[in-house]
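Undergrad:
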Amino acid sequence: MARDTWAYREVAVHSVPDARTGRLRIHPMPGQAFAPTMQVRCARALSDPDRYPPGTRFLLNAKLTDRLGGEPFLFAWHGDPVQVLSAAQARKFLAAFRRGRI
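Its first residue numbered 304, the sequence shown is counted upward by one per residue in our numbering.
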């Protein structure tokens, strides 16, 4: 079955250490339509501290989903290209998002 590319949109995310386990977790950056505490399921390489230090910002194509009525989360297909954002690029993306909101 083909992937519905229309369901995916660009989302700025960042890696945050989990308070309980200390492992890196990926969450949406504040200032978007998604709660900053929402989980993001994506390629495991993004939460590898040897590749990307904590606080690294990424631009992903993700869609909002849930699994059998569970908690909603963002899903990014592991094969999609990932763009690492600098602080200035993240600010620019979030500012464009705020201007484009209805």
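Every residue gets a Cβ at the ideal spot worked out from N, C-alpha and C, and that includes glycine.
1. Hey, out of R328, S389, P384 and R347, whose CA is closest to P339's CA?
2. Could you name the residues of the same chain whose beta carbon sits closer than 8 Å to that of T368, not counting the 5 residues immediately before and after it, in chain order?
3. What ranges does the beta strand (DSSP E) occupy inside the segment 325-381, keeping only unbroken runs of at least 3 residues that lie completely in it?
4. So what does R312 bridge to, in DSSP terms?
5. Give every residue of the same chain whose Cβ lies closer than 8 Å to the Cβ of R354, excluding the five residues on either side of it in the sequence, and list them in chain order.
6. When DSSP builds the beta bridges, which residues end up paired with L397?
7. Return the first residue and the last residue of the beta strand (DSSP E) that V387 is part of.
TA: According to the data block:
1. Looking at the Cα atoms, R328 is the closest of the given residues.
2. Excluding positions up to five away in sequence, the list reads P375, F376, L377 and F378.
3. 327-331, 360-368 and 376-378, all fully within the segment 325-381.
4. Looking at the DSSP assignment, R312 forms a beta bridge with A365.
5. Closer than 8 Å at Cβ, skipping near neighbours: A348.
6. Answer is none; L397 lacks a bridge partner.
7. Run containing V387: Q386 to L388, per the beta strand (DSSP E) assignment.
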